[in-house]
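Visitor:
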Amino acid sequence: MFPIFTLPRSEADTRMSGNLRVWCNRGLTALVLAGLATFIFFGDRHKDEFSLIWRILNLGAIYAIAAVGYTVINGMTGQFSLGPHGFMLIGGYLATLLILPLAKKRFVWILEPLIEPFASFTLPYSGFILALLGSGVVAVLAGLIVGIPALRGLRGDYLAIATFGFGEILFMLVVNLPSLTNGAMGVTGVPTYTNLAWSWGFLIALAYAAMRLKNSSYGRALRAIREDELAAESMGINVFRLKLLAFLFSAFCAGVSGGLMVALIGIAYPGLFSFFTTFYLLLIVVLGGLGSISGAIVGGFIFAAVFEALRFIDTAVVPGMRMVVFAIILILVMLFFRRGLFGQGEFSWDGLIAAVQRGLGRLSGAGGGHGAGSSHLKA
Amino acid sequence: MERDQVILKLENLTMQFGGLVAVKDFLMDIRAGELVGLIGPNGAGKTTIFNMITGHYKPTAGRVIFDGRDITGLPPHQIARLGIARTFQNIRLCKEMTALENVLISFHPRLRSSLFGALLPVFGYGREEREMREKALGLLEAVGLAKWADFRAGGLPYGLQRRVEIARALATTPRVLLLDEPAAGMNPQEARDLMGFTLTIRETFGLTIFLIEHVMQVVMGICPRIRVIDFGISIAEGTPEEIRSNSKVIEAYLGEEARRV
Ligand SMILES: Nc1ncnc2c1ncn2[C@@H]1O[C@H](COP(=O)(O)OP(=O)(O)O)[C@@H](O)[C@H]1O
Ligand SMILES: [Mg+2]
Numbered sequence: 001m002f003p004i005f006t007l008p009r010s011e012a013d014t015r016m017s018g019n020l021r022v023w024c025n026r027g028l029t030a031l032v033l034a035g036l037a038t039f040i041f042f043g044d045r046h047k048d049e050f051s052l053i054w055r056i057l058n059l060g061a062i063y064a065i066a067a068v069g070y071t072v073i074n075g076m077t078g079q080f081s082l083g084p085h086g087f088m089l090i091g092g093y094l095a096t097l098l099i100l101p102l103a104k105k106r107f108v109w110i111l112e113p114l115i116e117p118f119a120s121f122t123l124p125y126s127g128f129i130l131a132l133l134g135s136g137v138v139a140v141l142a143g144l145i146v147g148i149p150a151l152r153g154l155r156g157d158y159l160a161i162a163t164f165g166f167g168e169i170l171f172m173l174v175v176n177l178p179s180l181t182n183g184a185m186g187v188t189g190v191p192t193y194t195n196l197a198w199s200w201g202f203l204i205a206l207a208y209a210a211m212r213l214k215n216s217s218y219g220r221a222l223r224a225i226r227e228d229e230l231a232a233e234s235m236g237i238n239v240f241r242l243k244l245l246a247f248l249f250s251a252f253c254a255g256v257s258g259g260l261m262v263a264l265i266g267i268a269y270p271g272l273f274s275f276f277t278t279f280y281l282l283l284i285v286v287l288g289g290l291g292s293i294s295g296a297i298v299g300g301f302i303f304a305a306v307f308e309a310l311r312f313i314d315t316a317v318v319p320g321m322r323m324v325v326f327a328i329i330l331i332l333v334m335l336f337f338r339r340g341l342f343g344q345g346e347f348s349w350d351g352l353i354a355a356v357q358r359g360l361g362r363l364s365g366a367g368g369g370h371g372a373g374s375s376h377l378k379a
Numbered sequence: 001m002e003r004d005q006v007i008l009k010l011e012n013l014t015m016q017f018g019g020l021v022a023v024k025d026f027l028m029d030i031r032a033g034e035l036v037g038l039i040g041p042n043g044a045g046k047t048t049i050f051n052m053i054t055g056h057y058k059p060t061a062g063r064v065i066f067d068g069r070d071i072t073g074l075p076p077h078q079i080a081r082l083g084i085a086r087t088f089q090n091i092r093l094c095k096e097m098t099a100l101e102n103v104l105i106s107f108h109p110r111l112r113s114s115l116f117g118a119l120l121p122v123f124g125y126g127r128e129e130r131e132m133r134e135k136a137l138g139l140l141e142a143v144g145l146a147k148w149a150d151f152r153a154g155g156l157p158y159g160l161q162r163r164v165e166i167a168r169a170l171a172t173t174p175r176v177l178l179l180d181e182p183a184a185g186m187n188p189q190e191a192r193d194l195m196g197f198t199l200t201i202r203e204t205f206g207l208t209i210f211l212i213e214h215v216m217q218v219v220m221g222i223c224p225r226i227r228v229i230d231f232g233i234s235i236a237e238g239t240p241e242e243i244r245s246n247s248k249v250i251e252a253y254l255g256e257e258a259r260r261v
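Each protein sequence line maps, in turn, to chains S and R. Everything in the first sequence is counted per the working numbering, starting at 1 for the first residue and increasing by one. Everything in the second sequence is counted per the working numbering, starting at 1 for the first residue and increasing by one.
1) Return the chain-ordered ranges of every alpha helix (DSSP H) run that is complete within the stretch 272 to 339 of chain S and spans a minimum of 4 residues.
2) Could you please tell me which residues of the stretch 40 to 58 of chain R, in chain order, have their CB closer than 8 angstroms to any CB of chain S?
3) What residue from R/P174, R/I30, R/N102 has the CA that sits closest to R/D150's CA?
4) Among the residues of its own chain, which have a CB less than 8 angstroms from the CB of S/P191, if the five just before and after it don't count?
5) Out of S/K47, S/L230, S/F247, which has the shortest C-alpha to C-alpha gap to S/S81?
6) Check whether the Cβ of R/A118 lies closer than 8 angstroms to any Cβ atom in chain S.
7) Any contact between the stretch 147 to 167 of chain R and the stretch 114 to 126 of chain R? By contact I mean 3 or more CB pairs, one from each, below 8 angstroms.
8) Confirm the yes/no value for this check: CB of R/Q161, any heavy atom of ligand 2, distance under 7 angstroms.
9) Who pairs with R/Q16 in a beta bridge, going by DSSP?
10) Among S/T315, S/R362, S/I293, S/V325, which has the Cα closest to the Cα of S/I65?
11) Going along chain S in order, which residues have a C-beta closer than 7 angstroms to the C-beta of R/Y125?
12) Per DSSP, what kind of secondary structure is R/I91 in: helix, strand or coil?
13) Taking only the alpha-carbon atoms, compute the straight-line gap between R/D4 and R/D29 and give it to the nearest angstrom.
14) On a Cα-Cα basis, can you pick out the residue from S/P117, S/R26, S/G127, S/L196 that is closest to S/F42?
15) So is S/W23 buried or exposed if we call it buried at 16+ other beta carbons inside 10 Å?
16) Please list, in chain order, all residues of the same chain as S/R311 whose beta carbon is under 8 angstroms from its beta carbon, the five residues on each side excluded.
17) Hey, is R/T208's beta-carbon within less than 8 angstroms of any beta-carbon in chain S?
18) Is it the case that the CB of R/M181 approaches a heavy atom of ligand 2 more closely than 7 angstroms?
19) Nearest chain S C-beta to R/M15 closer than 8 angstroms, yes or no?
20) I need the boundaries of the beta strand (DSSP E) containing R/T208, first residue and last residue.
21) Report the three-state DSSP secondary structure of S/R55 (helix, strand or coil).
22) Can you list, in chain order, the residues of its chain with a C-beta nearer than 7 angstroms to that of R/D230? Leave out the 5 residues immediately preceding and following it.
23) Could you pull the DSSP bridge partners for R/G62 from this structure?
24) Residues near ligand 1, CB to any non-hydrogen atom under 5 angstroms, in chain order?
25) Can you confirm whether R/M97, when its beta carbon is compared against all beta carbons of chain S, has any partner nearer than 8 angstroms?
26) Kindly list the residues whose CB is nearer than 7 angstroms to the CB of R/A169, restricted to its own chain and excluding five residues on each side of it in sequence; keep chain order.
27) Between the C-alpha atoms of S/A305 and S/K47, what's the straight-line distance to the nearest angstrom?
28) May I ask you to list, following chain order, the residues of the stretch 199 to 228 of chain S that have a beta carbon less than 7 angstroms from some beta carbon of chain R?
29) At a cut-off of 7 angstroms, is R/Q89 close to ligand 3 when judged by its beta-carbon and the heavy atoms of the ligand?
30) Could you give the DSSP three-state label for S/L36: helix, strand or coil?
31) Give a yes or no on whether the minimum CB-CB distance between S/S234 and chain R is below 8 angstroms.
32) CA-CA distance, R/R81 and S/N215?
33) Does the Cβ of R/S106 have 16 or more other Cβ atoms within 10 Å, making it buried, or fewer, making it exposed?
34) Once you ignore the five residues that flank S/D13 on each side, which residues in its own chain have a CB closer than 6 angstroms to its CB?
35) Kindly list the residues whose CB is nearer than 8 angstroms to the CB of S/A160, restricted to its own chain and excluding five residues on each side of it in sequence; keep chain order.
36) Does the Cβ of S/R15 have 16 or more other Cβ atoms within 10 Å, making it buried, or fewer, making it exposed?
Okay, here's the thing in structure tokens:
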């Protein structure tokens, strides 16, 4: 028998139920999105009654946005960048310059006047989206400057070294360019435009883009680069261009994340994002599972919650003690939990349903142990 | 391209690593549709010649002319796109990806959708992805791997991994295929199967094949023309019969036996 004749029947069967499943999953996703929109709407209206939770939910989304980008370059593509805090800093300052009211601009820059064109214009609340997109774009431009030379080299550690140096240089620039950044004094009084609609809105949009990227031919090429760069280029993949693409995507996410952060806390200063920020993001993406978008999101929210919950350590014990705690957590995760919450995989309704079925099966005794989910597993 | 026209011309290729001359003045014309064997003891410089052709090494001297065009020094991905594909002596699959995904990687350079086309759901990327998957499945079927499509490549038996690697190379739609010791690590029966497979794909895909082998017997059965190198220098060329009885070749392989002891 030709193998071709043994295939179609079973193929057609699974495809039928597959189509139905796709529509069910889309329905579930639409429901969840509608629920989220409602939640965001009421969350923002009642933010003063639940200010701590509201703050954590915003911080979580802001970390998650940067982490989604970071896991694309560090996890999916396997290129070790230490740059996100630098891109967040750039994005944060650009957003500051774009949304700070004119009166504040005249008042804050006393030593050296703010340079044009920023001194003579500012965006109203309705232009906040432009400010955030601008934060992403300026981070991408900086990413080009760092990425082009650093990613051309064949050695993988170039990027880590170059991005680390970039962060340090950027800090010096922010301190020493007072006519742009107001130097070490920083900028206060940034309008606090960020709310759940903005932070979650951008998170959903960027996570969606990252998922499409991962599941596309581009994502496949990125994963191929992570696994075997030499093989990938031998199949015609332009390794440099794709690495740069992943790096710029991560820079864009970090820039937006920085802009949202500044507009959440209302201030910008040189140390706002330091190497610690990158270190936290590393913890988040490893905890979530390197290369997993779902993991980066869940990790971002877990981190924000734990970070706020442990605030007492800094006030009650020694300032900076929290960092030590997180360093220990990162080491423990690296040692004992290296695959993270999601491995390289993603959340899916099928996976969730299979897990629930397994759980129910276990509850109802030995009979239902092998749910539909486990029969899909191969090899 | 007509048969018998020279498709790959290697002009005095020389590769020096510090003081070591790995390949010296390698000269060869390969005609379209040919199946040429390259044999020689371990460390003779065979893989180095492939690496110079594919752009992984930049030759110290000499030129690689592909289809009348000087491709010396082009980056590997460009050479691959021009139509030269290869496999590796130590199989280099993307182990964590499925067999199908490994083949799909090779389609990426010819992707029509732009990045934004792929990121946004409105530009018909889904259709192109489905088309690619069907094409990849068709290719796997043509090489008898269809039922392994969704298996993790790294989990497949060695012989199948080798075939997936060849399928992945075929997916780049090459005109010249370079196979670096494809039968390494196989038992005699598997090696014979693989040589049969090589002949089949040459016919099916209209390929020119340049094949490295370490074990002489493997290529003897299928390559009408065989080149032998030792210490980076060509020592013989001819039909299997001529090579088998060539005293320099016997000496080189005996020399290797001696080196091994
Ligand atoms: N990148 C390299 N750097 C230094 N020496 C190399 C390199 N590649 C190959 N060689 C040397 O060149 C010689 C030929 O190697 P190779 O082409 O791999 O041999 P073969 O494939 O015939 O077994 C060997 O002595 C090897 O050590
Ligand atoms: Mg070799």
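For each residue, glycine too, the CB sits at the ideal point set by N, CA and C. Every value quoted in this text rests on a predicted model; they were computed, and no experiment measured them.
Guide: According to the structure shown:
1) Listed in chain order, the complete alpha helix (DSSP H) runs (minimum 4 residues) inside the stretch 272 to 339 of chain S are 275 to 288, 293 to 309, 311 to 316, 321 to 336.
2) For the stretch 40 to 58 of chain R, the residues whose beta carbon sits under 8 angstroms from a beta carbon of chain S are, in order, T54, H56.
3) Nearest option by C-alpha distance: R/N102.
4) Exclusion of the five residues before and after S/P191 leaves I99, L100, P101, Y125, A263, G266 as the residues of its chain whose Cβ lies within less than 8 angstroms of its Cβ.
5) Among S/K47, S/L230, S/F247, the Cα nearest to that of S/S81 belongs to S/F247.
6) In terms of beta-carbon proximity, R/A118 lines the interface with chain S, with at least one pair separated by less than 8 angstroms.
7) Touching, no.
8) Outside the cutoff, so no.
9) Answer is R/V21.
10) Minimum Cα distance to S/I65 is reached at S/I293.
11) For a Cβ distance threshold of 7 angstroms, residue set S216 of chain S lies close to R/Y125, ordered along the chain.
12) In the structure shown, R/I91 sits in coil (DSSP, three-state: anything other than H, G, I, E or B).
13) Approximately 10 angstroms, taken between the alpha carbons.
14) Among S/P117, S/R26, S/G127, S/L196, the Cα nearest to that of S/F42 is on S/L196.
15) By the beta-carbon neighbour count (other beta carbons within 10 angstroms, threshold 16), S/W23 is exposed.
16) Excluding residues within five positions, the ones whose Cβ falls inside 8 angstroms are R322.
17) False, the Cβ-Cβ gap to chain S never drops below 8 angstroms.
18) In the sequence under discussion, the amino acid at residue 181 of chain R is Glu, which differs from the Met named in the question. R/E181 Cβ: within cutoff of ligand 2.
19) Not closer than 8 angstroms to any Cβ of chain S, the Cβ of R/M15 fails to qualify, so no.
20) Segment 208 to 213, the beta strand (DSSP E) holding R/T208.
21) The DSSP-derived three-state label of S/R55 is helix.
22) Excluding residues up to 5 positions away in sequence, G40, P41, A44, A252 lie with their Cβ nearer than 7 angstroms to the Cβ of R/D230 in the same chain.
23) Note: R/G62 sits in no beta bridge, so no partner.
24) Going along the chain, the residues that qualify are R/F17, R/A22, R/N42, R/G43, R/A44, R/G45, R/K46, R/T47, R/T48.
25) Yes, because at least one Cβ of chain S sits closer than 8 angstroms to the Cβ of R/M97.
26) So the qualifying residues of the chain are A85, R86, T87, L177.
27) Taken atom to atom, the span from the alpha-carbon of S/A305 to that of S/K47 is near 16 angstroms.
28) So the close ones are A209, R212, L213, S216, S217, Y218, R220, A221, R223, A224, E227, D228.
29) Among the ligands present in this structure, namely ligand 1 and ligand 2, ligand 3 is not found.
30) Helix.
31) Yes - at least one Cβ of chain R is within 8 angstroms of the one on S/S234.
32) Cα-Cα distance, rounded: 23 angstroms.
33) With 16 or more Cβ atoms within 10 Å of its Cβ, R/S106 is classed as buried.
34) Here S/D13 scores only 44 on pLDDT, less than 50, and its place in the model should not be relied on; the value that follows carries that caveat. So no residue of the chain qualifies.
35) Same-chain partners within the cutoff: F80, S81, L82.
36) No answer about S/R15 holds up, because its pLDDT of 49 lies below 50 and its placement is not dependable.
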